[in-house]
Structures are given as structure tokens and as C-alpha cells.
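No gaps in the numbering here: position 76 of the sequence shown is 76 in the UniProt record's numbering, and each next residue is one more. Note that the Cβ used here is the ideal one computed from N, Cα and C, for glycine as well. I have placed the structure first, in the form of C-alpha cells, so that the comments after it can refer back to it.
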Amino acid sequence: MRLTHRKAVWLMVLATLMWSIAGLVSRQLTHAQGLEVTFWRSFFTVLTLLAILPLWQGRGVFRQIPWRNSSLWLSGLCWGIMFTAFMFALTLTTVANVLITMALGPLFTALMSRFVLGHRLPLRTWIAIIVAGAGIVWMYGAQLNFSGEASGQSGGLLLGSLIALIVPIAGSVQWTVAQHQSRQQARDTSVEKIGLVPSVLIGATLSALVTLPLTLPWQADITDLSWLGLLGVVQLGIPCVLAVFCARVLKAPELALLGLLEVIFGILWAWLGAGEAPGANALTGGLVVIGALAANEALGWTSQKKGDGHDDLPPSILS
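Structure follows, in C-alpha cells:
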């Protein structure tokens with residue numbers, strides 16, 4: 001069945017809803033903490049993708065993956081870093097801080113593409129980078145005292161926010177690798193294509209393997225494992241595959257705009273479902289960040305429709 005544009009939009013909204021439950025679910029855990037949460041989420045994601053890939057692309061799918069391609073492993077390493085940092089950050093700081101910080105991914109990728117691949121950035125993107133940066137400074141400023149040092153609970157919040165910052169940085173590296181690979185493939189058809197889902201599978205495997213020895217002895221009970229299984233299957237595995245389908249129909253600015261719904265949904269879930277109300281600084285700083293991102297992507301979308309050129313930013317929901 002052919003996926004129409006309207007169906008792709010609604011499917012992408014569904015994917016963002018699935019992605020957005022991470023914060024809410026993590027607040028339901030009673031025993032599992034820290035890196036143990038990361039391990040189980042990554043472990044269940046691996047199981048999910050090992051089941052989905054053969055059903056989706058046939059039993060020979062694993063033989064078709066270019067395992068010797070260094071770009072595939074670098075991409076997978078970046079995903080592993082993102083998975084680990086994301087869940088660990090959620091155990092240290094608020095859902096709002098983590099999601100808003102992660103939303104900077106497209107802008108970091110734009111900067112990485114500019115300096116590594118030489119992509120030209122439009123003025124609107126430079127303005128968005130400056131405005132979004134100001135919003136992040138405003139958010140983090142509330143977590144510092146006047147001497148410039150974090151203290152007490154604010155110190156933990158700031159540490160979690162800094163760990164969350166690793167996610168968009170690693171994501172920018174991952175997307176730069178993907179862009180470089182695509183450029184090489186356009187010039188030489190013999191260059192092997194690296195897929196999103198295999199990269200995610202490698203990333204989840206690396207994340208689980210690295211965190212495993214750091215989580216023993218396990219503290220999670222059966223209820224925690226049920227919640228963590230939900231994260232691996234519903235919050236990451238399934239929406240990852242849905243995003244691949246949507247990316248075949250939707251343009252990058254459309255995906256990026258729809259991807260911002262994850263931030264909004266995630267904060268609302270944590271607020272309504274776990275009583276985690278975002279602070280005033282998080283709300284105002286977050287609005288500045290999301291506004292800058294949305295305006296940049298909307299202008300990019302308009303530019304594409306007018307035929308003024310291709311947008312430089314990748315879809316934020318996949319970073």
C-alpha cells in the first residue's frame with residue numbers, strides 16, 4: 001500500500017507520541033535507577049529490532065547489512081552514546097530540560113555540516129542558532145548560583161542537562177556521517193548504503209553491552225521490567241521503523257517540524273502523568289528554543305516549495 005502524504009503526517013505524529021513517553025515512563029520506575037534503566041531499555045530495543053527486521057525485510061536482512069562498513073559502526077556508536085546519555089540524563093534532571101536540550105540536534109548538525117562538509121548555511125539558520133542558544137543559556141542560568149557554581153538540587157539538574165547535551169552533539173556527528181555517506185554514494189553507486197534501523201540496532205547493542213557490567217546487581221522488579229520493556233518496544237523500536245517509512249514521503253523540514261511535537265508531548269505527559277511541572281525558566285527558555293527551531297524549519301519548508309534550494313538540516317526526530 002502506497003503511503004500518502006496525509007497518512008505519513010499522521011503516522012509521524014503517532015511516532016512522536018511514542019517517542020514522547022520516555023520521561024513519563026521513567027518516572028514510574030520504583031527500583032531501577034541510573035544506568036540500569038539505560039541497559040534494560042537498550043536491551044529490549046535490541047530484541048524488538050531483531051524481531052522486526054526479518055518480518056519487515058525478510059530473513060536475509062542481516063546478510064544484506066554492510067557489517068564491514070566503518071561508517072555503519074561510527075553511526076551505530078553515535079546512536080549508542082545517544083541512547084545511554086538520554087536515559088541517564090532523565091534520571092538526573094527534568095523531562096523538560098532533557099527534551100528541550102535534545103531539540104537542538106538540527107542546529108548542531110547544521111554547524112557540523114558547515115565546518116566538516118562545507119555546507120552553506122542560510123542566514124535564518126545562523127539566527128536560529130543564536131536565538132536557541134540564548135534560550136538554553138536562560139534555562140541553565142536558573143541552575144547556577146551567582147558565583148557561577150551549581151549547588152544542591154540545582155547541581156544535579158545542571159549535571160543532567162549537561163549529559164543531555166551529549167545527545168544532540170552525538171546526533172550531529174551521526175547525521176554528518178550519514179550525509180557524507182550519501183554524498184559518496186551519489187558520486188559512486190558502488191558505495192554501500194547505511195540504513196537507519198541497522199545503525200540503531202548496533203547502537204542499542206553497544207549501549208546494552210557497555211552498561212551491563214555497571215548495572216549489576218540488578219534492582220529492577222517485574223513491574224519495572226514491564227515499564228522498561230514498554231520503552232524498548234513502543235518508545236523506541238516501533239517508532240524508529242515508522243520514521244523510516246515517513247522519511248520516504250515527507251521532506252526534511254516537515255519531519256523536523258513534526259519532530260518538535262515530541263518535546264511538547266513529552267513535557268505534557270510528565271506534567272499531567274507524573275506531576276513534573278516545568279519551571280518558569282524551562283518554559284520561557286523552551287519556548288524560545290522551540291520557536292527558533294520551528295521558525296527556521298518553516299522558512300526552510302517555504303524556501304523548498306519556492307524552489308530556492310535544498311534545506312541543509314536533517315529531520316530532528318531521527319537525531
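{"Asked": "Return yes when the Cβ of Thr84 is within less than 8 angstroms of the Cβ of Ser207, no when it is not.", "Found": "yes"}
{"Asked": "Leaving out the 5 sequence neighbours to the left and right, which residues in its chain are closer than 6 angstroms to Thr205 when beta-carbon positions are compared?", "Found": "Val46"}
{"Asked": "Where does the unbroken alpha helix (DSSP H) through Gly266 begin, and where does it stop?", "Found": "261-274"}
{"Asked": "Determine the direct distance from the alpha carbon of Val131 to that of Ser20, and round the result to whole angstroms.", "Found": "24 angstroms"}
{"Asked": "Asn97 lies in the alpha helix (DSSP H); which residues open and close that run?", "Found": "95-102"}
{"Asked": "With distance defined between alpha-carbon atoms, name the residue in Lys251, Ile222, Ala256 nearest to residue 322.", "Found": "A question about residue 322 goes unanswered here, because the residues of the chain that appear run from 1 up to 319."}
{"Asked": "For the region 253-271 against the region 65-73, do three or more pairs of beta-carbon atoms, one drawn from each stretch, fall closer than 8 angstroms, so that the two count as touching?", "Found": "no"}
{"Asked": "Cβ atoms of Val244 and Leu49: under 8 angstroms apart, would you say?", "Found": "no"}
{"Asked": "What three-state label does DSSP hand Arg124 in the structure shown?", "Found": "helix"}
{"Asked": "In whole angstroms, give me the CA-to-CA distance for Val197 and Ala247.", "Found": "12 angstroms"}
{"Asked": "Count the other C-beta atoms from every protein chain shown that fall within 10 angstroms of the C-beta of Phe146, then say buried if there are 16 or more, exposed otherwise.", "Found": "Confidence at Phe146 is low in this model, with a pLDDT of 41, below 50, so the placement of that residue is unreliable and no value is reported for it."}
{"Asked": "Below 8 angstroms, how does it come out for the region 218-234 and the region 23-31: are there three or more Cβ pairs, yes or no?", "Found": "yes"}
{"Asked": "Measuring straight from C-alpha to C-alpha, what distance separates Ile81 and Val167?", "Found": "7 angstroms"}
{"Asked": "Is it the case that the region 7-27 contacts the region 223-242, given that we only count it when at least three CB pairs across the two stretches are under 8 angstroms?", "Found": "yes"}
{"Asked": "For Val25, which option in Leu299, Leu228, Ala103, Arg183 has the closest C-alpha, if you only look at C-alpha atoms?", "Found": "Leu228"}
{"Asked": "Excluding the five sequence neighbours on either side, which residues of its own chain have a C-beta within less than 7 angstroms of the C-beta of Val241, listed in chain order?", "Found": "Ile52, Trp56, Val197"}
{"Asked": "Rounded to the nearest angstrom, how far is the Cβ of Thr215 from that of Leu35, given a contact under 8 angstroms?", "Found": "5 angstroms"}
{"Asked": "Looking at Val210 and Phe164, is the spacing between their C-beta atoms short of 8 angstroms?", "Found": "Before going on, a small fix: residue 164 reads as Ala here, not Phe. Their beta carbons are not under 8 angstroms apart, which means Ala164 does not touch Val210 by this criterion."}
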